[in-house]
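Visitor:
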Amino acid sequence: MLTLGNLLLGFAAILLIFQDQKTTAVLLILLGLVCDFFDGFCARKLNAESALGKELDSLADLVTFGVAPAMLVYASALQHMSVLGAVCCLVYVACSALRLARFNAGQSHMCGFVGMPTPMAAVILILLTVTANPPVLAVGVCLTSMLMVSRLSFPSLKKIKPEVVEDC
């Protein structure tokens, strides 16, 4: 249910972007982030992890953290850059899909990530959309895209085990 919630929140964000309700769209993307965090947590706690769930999670992530942020960036600023703005957004969506496919093909068992996770990339795009002018935003979108498909290591917050703190 949380994974489907993530997917539907991403799609609703896209619809709101078309209606020029960008602030609400950002909130829905961030709510999708919360669903994405808890879907894996709940699946692990309930011992309900499955191949279907992993694939559905990636499809939901592509919509919520790939397509929706790219559309937000485009509608907010990059549409005024003509073809270059569209190309930046297309590259971001393509890199999001590659990142998620690479994860499913062989990284889901790892403790961390190779390449920036798509939720983190989406948060960066949201922050850039709020703070950057169009040329800086275009460069930021391209750099974020490259980080998703890079071989750099990123920690996983989902798999960090809490430590017991003892009194001194």
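Using the working numbering, the first residue of the sequence shown is number 198, and each one after it goes up by one.
We put the beta carbon where it would ideally sit given N, CA and C, even for glycine.
Take the Cβ of ASN203 as the centre, count every other Cβ of all protein chains shown within 10 Å, and call the residue buried at 16 or more, exposed below.
Guide: Start at 1 with the first residue of the sequence shown, and residue 203 comes out as number 6. Under this definition ASN203 is a buried residue.
Visitor: State the DSSP-derived secondary structure class of GLY312, mapped to helix, strand or coil.
Guide: Here residue 312 refers to the residue found at position 115 of the sequence shown. Coil, per DSSP.
Visitor: May I ask which residues mark the beginning and end of the alpha helix (DSSP H) holding PHE351?
Guide: If you number the sequence shown from 1, residue 351 lands on position 154. PHE351 -> not in any alpha helix (DSSP H); beta strand (DSSP E) instead, spanning 350 to 352.
Visitor: Report the rounded CA-to-CA distance for LEU325 versus LEU206, giving the unit in angstroms.
Guide: Looking up residue 325 in the sequence shown gives position 128. Looking up residue 206 in the sequence shown gives position 9. If you take the alpha carbons of LEU325 and LEU206, they lie about 21 Å apart.
Visitor: Cutting at 7 Å between CB atoms, please list the residues of its own chain near ALA294, excluding the five before and the five after it.
Guide: Your numbering for residue 294 matches position 97 in the sequence shown. The residues are LEU259, GLY263.
Visitor: Identify whether SER255 lies in helix, strand or coil by the three-state DSSP scheme.
Guide: Start at 1 with the first residue of the sequence shown, and residue 255 comes out as number 58. SER255: helix per DSSP, three-state reduction.
Visitor: Using the three-state DSSP reduction, which class does ASP217 fall into: helix, strand or coil?
Guide: For the purposes of this step, residue 217 is taken as residue 20 along the sequence shown, with counting starting at 1. Coil, per DSSP.
Visitor: Is there at least one non-hydrogen atom of the ligand SAH closer than 7 Å to the beta-carbon of ASP236?
Guide: Because no ligand of any kind appears in the structure shown, any question about the ligand SAH cannot be addressed here.
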